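A.B. asks: Here it is, the structure, as structure tokens.
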Amino acid sequence: MIRYASLLAVLSVAGCASGTRDTLAVDSAGATRAAQSPPDLAAVAQALDARKGERLSGDLTILGAAAQGRRLDMRFRHDRDAAEFSPSQREGYALVATRAIREQMCAQPATARFVKTYDGVAADIVTADGAPLAAIEVTEC
């Protein structure tokens, strides 16, 4: 779940994804350009924010994105309410989400360059009823 969600967010951030809602393919020429010169932070934030309300994966919905200073801040909502997570499930979810997003941001040259050029990315995930679930920051690779 988290891997698919973060991969889609990462490809969108890099500006190297193409396709429809149901399919996603990496545009190799776009990925190469993004690795050499990352897309404008404000443009990336606007593109992600325009997808507000879209389902990112089976259990995450995009709430929005913004450029905050020199960092990309993304917000997502999980389909489950806070009461459906035990304290250990919350902690486990946050750890897995942090690791997955960090690994995927740093694994590709385009997204690693984006993190390095700007002050990284942050992703806040809340439950369906608005309670914090995970706060992720990737500031270096």
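Count the sequence shown with the numbering used here and you get residues 329 to 469, in order. No residue lacks a Cβ here, since even glycine has one placed at the ideal position from N, Cα and C. Computed from a predicted structure; not experimentally measured.
(1) To the nearest angstrom, how far is the alpha carbon of R349 from that of A371?
(2) With distances taken between CB atoms, is the gap from E289 to V443 smaller than 8 Å?
(3) Once DSSP output is grouped into helix, strand and coil, what is the label at A450?
(4) Please say whether L391 and R403 have beta carbons closer to each other than 8 Å?
(5) Inspect the CB distances between the segment 413-431 and the segment 372-386 and report whether three or more fall short of 8 Å.
(6) List in chain order: all unbroken beta strand (DSSP E) runs of 3+ residues lying wholly within the segment 361-427.
(7) Smallest Cα separation from P415: which of P460, E465, P367 and D368?
(8) Run through DSSP, which three-state label would E468 get?
C.D. replies: Result, derived from the coordinates:
(1) Position 21 of the sequence shown, counting from 1, holds the residue named residue 349. Position 43 of the sequence shown, counting from 1, holds the residue named residue 371. No answer about R349 holds up, because its pLDDT of 44 lies below 50 and its placement is not dependable.
(2) Not covered by the structure: residue 289. The range shown for the chain is 329 to 469.
(3) Translated into the one-based positions of the sequence shown, residue 450 becomes position 122. Here DSSP, grouped into helix, strand and coil, assigns A450 to strand.
(4) Position 75 of the sequence shown holds residue 403. Position 63 of the sequence shown holds residue 391. Yes, Cβ-Cβ distance for R403 and L391 is below 8 Å.
(5) no
(6) 388-396 and 399-406
(7) For the purposes of this step, residue 415 is identified with residue 87 of the sequence shown, where counting begins at 1. Among P460, E465, P367 and D368, the Cα nearest to that of P415 belongs to P460.
(8) Your numbering for residue 468 matches position 140 in the sequence shown. DSSP, read as helix, strand or coil, puts E468 in coil.
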